[in-house]
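Peer 1: Take this structure, written in structure tokens, and hold onto it; I'll ask about it next.
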Amino acid sequence: MAQGKFFITAAIPYVNAAPHLGHALEIIQADVTARYAKLIGHEVCFLTGADENSLKNVQSADKEGITPQQLCDQNSAKFRQLYRDLNISLNIFQRGTDQKKHWPGVYKLWQALEESGDIYKGKYAGYYCVGCEAFYQAGELKNGKLCPEHATPLEWIEEENYFFRLSRYQEALQHLIQSDEYKIIPSFRKNEILTFLNEGLQDFSISRSKKRARSWGIPVPGDPDQIIYVWIDALDIYMTGIGFGWDEANFAKWWPADLHVIGKGIIRFHALFWPALLMSAKLPLPRNLFVHGYITHGDQKMSKSLGNVVDPFPLIHKYGIDPLRYFLLSQIPAYQDGDFTEEKMRSAYQADLANGLGNLVSRVATLCEKSNLDLLKTDISLSETCPRYHATLKSFNFNLSLGLLWEQIREIDRFIDQKKPWELLQKGSPEIGKVLQAAVDEIRKIGLLLAPFLPQTALKIQDQFKNPKIKVQPSLFPRL
Ligand SMILES: [Zn+2]
């Protein structure tokens, strides 16, 4: 993170259905990074949006008997609601159907690609999966005829489309990624992409016939019979949301992105297609790409067909915002897949929140209130806090950052067990002041460092421990 401005994005999800727990994981991870960037002094812009021009949305709307626009309105609203309910510090939510703030930037990007001579018309043939919005070749199909991702039967499609000369950017991309000029984190994802690059890049189709797109989406400038490939339009949301095509001053202020946060399934689009499009359009390139794993449910992939998709809203309602944030950040290792079950959620709540942090805070506050002492306000400087904390946040190892904080919580508990302040209090020993001051200083530090992760809890702790006379407050995490 360079000093000054920090522009962060979370992936732009398809809104063909309501959000599930996987969407919560990603937006929370991005939110921690956005809040951390603010904490260390950056001016932050945090963007996501809705990928609305997909054929999937047309098909889902058909099933529900509504128009694609109604479906997008309804589901985009659910995503926004989720972000509010999770206390996400989002600045911009840019929708793909927004003809004022999104479409002009899509036309602008298309024209820039055309001016570079990177768009040509060609014939496309392949097996098309609507679920993936991607073509497959025969060798890639499951059992010779099914989508490798969705296991659905695929249709052979042949049509005239516009192509983008991706092959022209092979060497430039190799250099960009190898050198970490565009840094892919974790490094095993970088290696995956470099391996894929070594096999050689093919040009790819960036439009669809209007018929196949069911007339839904953004028309190709100058050729209304073709619709712009939804991926081009969705990636462009990262730029149109901050003004590309309609507020160039704001765009110049924030672009390029310091960080794109995405799931492992869409890495090629972000690591290869996106920087190639930007190079062709002669626009600055994003700096970092963080790729997270997926949430499984009972060790199975979450999917609608398995009927095990987890709805985040009832979990927020039942456990609270910060407990859900805590679970996803501490129990799902950020680089890997991790499992969710409600049992695991309950046990993390009891052990780490109710018995761990909650108990420590009420224990120390009770002793302070009984002592009736005036405690000093000590200044906590972020630069003097544990360097490992900062290192784990800069590498997106959120579970490790929380592990460090909980190590500290246990440490303070041990310190109190050892010093027995209740005995000092009874004896009227002057040492009590020193012991409580030390414990309070450590809790204040935790209140500060916890802020990017559990913002509400951090505020409550900061508030409870800010005055010289510390009082008992209602428990942070009531027992379930
Ligand atoms: Zn598929």
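Letter by letter, the sequence shown follows residues 699 to 1178 of this note's numbering.
The beta carbon of each residue, even a glycine, is placed where N, CA and C say it ideally should be.
Given the structure is predicted, the values throughout are model-derived calculations rather than measurements.
Mark residue 887 as exposed unless 16 or more other C-beta atoms lie within 10 angstroms of its C-beta, in which case mark it buried.
Peer 2: Walking along the sequence shown from the start, residue 887 turns up at place 189. Buried.
Peer 1: Quick check: residue 1114 and residue 1061, are their CB atoms within less than 8 Å of each other?
Peer 2: Position 416 of the sequence shown holds residue 1114. Position 363 of the sequence shown holds residue 1061. Going by C-beta atoms, residue 1114 is nearer than 8 Å to residue 1061.
Peer 1: Taking 7 Å as the cut-off, does the CB of residue 847 come closer than this to any heavy atom belonging to ligand 1?
Peer 2: For the purposes of this step, residue 847 is taken as residue 149 along the sequence shown, with counting starting at 1. It does: the Cβ of residue 847 is within 7 Å (strictly closer) of some heavy atom of ligand 1.
Peer 1: Output the boundary residues of the beta strand (DSSP E) element that contains residue 1177.
Peer 2: Here residue 1177 refers to the residue found at position 479 when the sequence shown is read from its first residue. Segment: none, residue 1177 is in no beta strand (DSSP E) and carries neither H nor E.
Peer 1: Less than 8 Å between CB atoms is the rule here; does residue 1140 satisfy it with respect to chain C?
Peer 2: No chain C is part of this structure, which consists of one protein chain only.
Peer 1: Which two residues bound the contiguous beta strand (DSSP E) that contains residue 688?
Peer 2: Limits of the chain in this structure are 699 at one end and 1178 at the other, which puts residue 688 out of reach.
Peer 1: My guess is that residue 882 and residue 969 are in contact by the Cβ rule of under 8 Å, so how many angstroms apart are they, rounded?
Peer 2: Position 184 of the sequence shown, counting from 1, holds the residue named residue 882. Position 271 of the sequence shown, counting from 1, holds the residue named residue 969. Between residue 969 and residue 882 the Cβ distance is about 6 Å, and since that is below 8 Å, they are a contact.
Peer 1: Say yes only if the C-beta of residue 824 is nearer than 7 Å to one or more non-hydrogen atoms of ligand 2, and no if none qualify.
Peer 2: Absent from the structure shown: ligand 2. Ligands present: ligand 1.
Peer 1: Comparing alpha-carbon positions, which option in 946, 855, 900 and 1097 lies nearest residue 906?
Peer 2: As a first step, residue 906 is located in the sequence shown; it is residue number 208 there, counting from the start. Nearest of 946, 855, 900 and 1097 to residue 906, Cα basis: 855.
Peer 1: Can you list, in chain order, the residues of its chain with a C-beta nearer than 6 Å to that of residue 924? Leave out the 5 residues immediately preceding and following it.
Peer 2: As a position in the sequence shown, residue 924 is number 226, starting the count at 1. Same-chain partners within the cutoff: 905 and 918.
Peer 1: Using a threshold of 7 Å, is the CB atom of residue 830 nearer than that to any non-hydrogen atom of ligand 1?
Peer 2: As a working mapping, residue 830 is identified with position 132 in the sequence shown. Because some heavy atom of ligand 1 lies under 7 Å away, the Cβ of residue 830 counts as near it: yes.
Peer 1: Based on Cα-Cα distance, which residue from 1139, 1140 and 1117 lies nearest to residue 1129?
Peer 2: For the purposes of this step, residue 1129 is taken as residue 431 along the sequence shown, with counting starting at 1. The residue with the shortest Cα to Cα distance from residue 1129 is 1117.
Peer 1: Please report how far the alpha carbon of residue 804 lies from the alpha carbon of residue 859, in whole angstroms.
Peer 2: The count along the sequence shown starts at 1 and reaches residue 804 at position 106. The count along the sequence shown starts at 1 and reaches residue 859 at position 161. So the two alpha carbons sit approximately 17 Å from each other.
Peer 1: Just to confirm my understanding: we take residue 700, look at its own chain, exclude 5 residues before and 5 after, and list those with CB closer than 6 Å. What are they?
Peer 2: Counting from 1 along the sequence shown, the entry for residue 700 is found at position 2. Note on residue 700: pLDDT 46, under 50, position unreliable in the model; no value is reported.
Peer 1: Give the secondary structure of residue 700 by DSSP, where H, G and I count as helix, E and B as strand, and everything else as coil.
Peer 2: On the sequence shown, residue 700 is found 2 positions in, with the first residue counted as 1. Its pLDDT being 46, under 50, residue 700 is placed unreliably in this model, and the value from its coordinates should be taken loosely. Note: residue 700 maps to coil in three-state DSSP.
Peer 1: Judging by CA-CA distance, which residue of 1030, 1014, 878 and 1024 is the nearest neighbour of residue 782?
Peer 2: Sequence index remark: in the sequence shown, residue 782 carries index 84 (1-based). Of the listed residues, the one whose Cα sits closest to residue 782 is 1014.
Peer 1: If you drop the 5 nearest sequence neighbours on each side, which residues of the same chain put their C-beta closer than 7 Å to that of residue 1135?
Peer 2: By 1-based counting over the sequence shown, the position of residue 1135 is 437. Answer for residue 1135: 1073 and 1074, listed in chain order.
Peer 1: Report yes if the CB atom of residue 877 is closer than 8 Å to the CB atom of residue 899, and no otherwise.
Peer 2: For the purposes of this step, residue 877 is taken as residue 179 along the sequence shown, with counting starting at 1. For the purposes of this step, residue 899 is taken as residue 201 along the sequence shown, with counting starting at 1. It is not a contact, given that the beta carbons lie outside the stated cut-off.
Peer 1: Taking 7 Å as the line, does the beta carbon of residue 827 fall inside it for any heavy atom of ligand 1?
Peer 2: Taking the sequence shown and counting its residues from 1, one reaches residue 827 at position 129. The answer is yes for residue 827.
Peer 1: Can you name, in chain order, every residue of its own chain whose Cβ lies under 8 Å from the Cβ of residue 853, other than the five neighbours on each side?
Peer 2: Position 155 of the sequence shown, counted from the first residue, corresponds to residue 853. Taken in chain order, the residues that qualify are 825 and 826.
Peer 1: For residue 749, write down the residues that DSSP places opposite it in a beta bridge.
Peer 2: Against the sequence shown, residue 749 aligns to sequence position 51. The partner list for residue 749 (beta bridge, DSSP) reads 712.
Peer 1: Roughly how many whole angstroms lie between the Cα atoms of residue 1039 and residue 931?
Peer 2: The residue given as residue 1039 occupies position 341 in the sequence shown. The residue given as residue 931 occupies position 233 in the sequence shown. If I take the Cα positions, the gap works out to 36 Å.
Peer 1: Just the Cα atoms here: how many angstroms apart are residue 1049 and residue 1175?
Peer 2: Along the sequence shown, read from residue 1 onward, the residue named residue 1049 stands at position 351. Along the sequence shown, read from residue 1 onward, the residue named residue 1175 stands at position 477. Their Cα atoms are separated by approximately 11 Å.
Peer 1: Would you give the residue range spanned by the alpha helix (DSSP H) that residue 727 belongs to?
Peer 2: In the sequence shown, counting from the first residue as 1, residue 727 sits at position 29. Segment 719-737, the alpha helix (DSSP H) holding residue 727.
Peer 1: Distance, Cα to Cα, residue 735 vs residue 1165?
Peer 2: Your numbering for residue 735 matches position 37 in the sequence shown. Your numbering for residue 1165 matches position 467 in the sequence shown. Computed Cα separation, rounded: 27 Å.
Peer 1: Using the Cα positions of residue 978 and residue 730, report the straight-line distance between them to the nearest angstrom.
Peer 2: Residue numbering aside, residue 978 sits at position 280 when the sequence shown is read from its first letter. Residue numbering aside, residue 730 sits at position 32 when the sequence shown is read from its first letter. Near 33 Å, if we compare the C-alpha coordinates of residue 730 and residue 978.
Peer 1: Going by the DSSP bridge assignment, what does residue 854 pair with across the sheet?
Peer 2: Taking the sequence shown and counting its residues from 1, one reaches residue 854 at position 156. Its beta-bridge partners are 825.
Peer 1: Might you give, ordered along the chain, the residues of its own chain that have their beta carbon closer than 8 Å to the beta carbon of residue 953, omitting 5 neighbours on each side?
Peer 2: As a working mapping, residue 953 is identified with position 255 in the sequence shown. Around residue 953: 705, 937, 940, 942, 981 and 982.
Peer 1: Does the segment 1003-1011 touch the segment 713-724, meaning 3 or more C-beta pairs lie closer than 8 Å?
Peer 2: The segment 713-724 is in contact with the segment 1003-1011.
Peer 1: Given a cut-off of 8 Å on the beta-carbon distance, is the pair residue 1153 and residue 733 in contact?
Peer 2: The sequence position of residue 1153 within the sequence shown is 455, counting from 1. The sequence position of residue 733 within the sequence shown is 35, counting from 1. A contact, by the Cβ cut-off of 8 Å.
Peer 1: For the putative contact between residue 903 and residue 822, defined by C-beta atoms under 8 Å, what is the C-beta separation to the nearest angstrom?
Peer 2: If you number the sequence shown from 1, residue 903 lands on position 205. If you number the sequence shown from 1, residue 822 lands on position 124. That belief holds up - the Cβ atoms of residue 903 and residue 822 are roughly 5 Å apart, short of 8 Å.
Peer 1: Return the bridge partner residues of residue 987 from the DSSP annotation.
Peer 2: Counting from one through the sequence shown, the residue named residue 987 turns up at place 289. BP columns for residue 987 point to 882 and 958.
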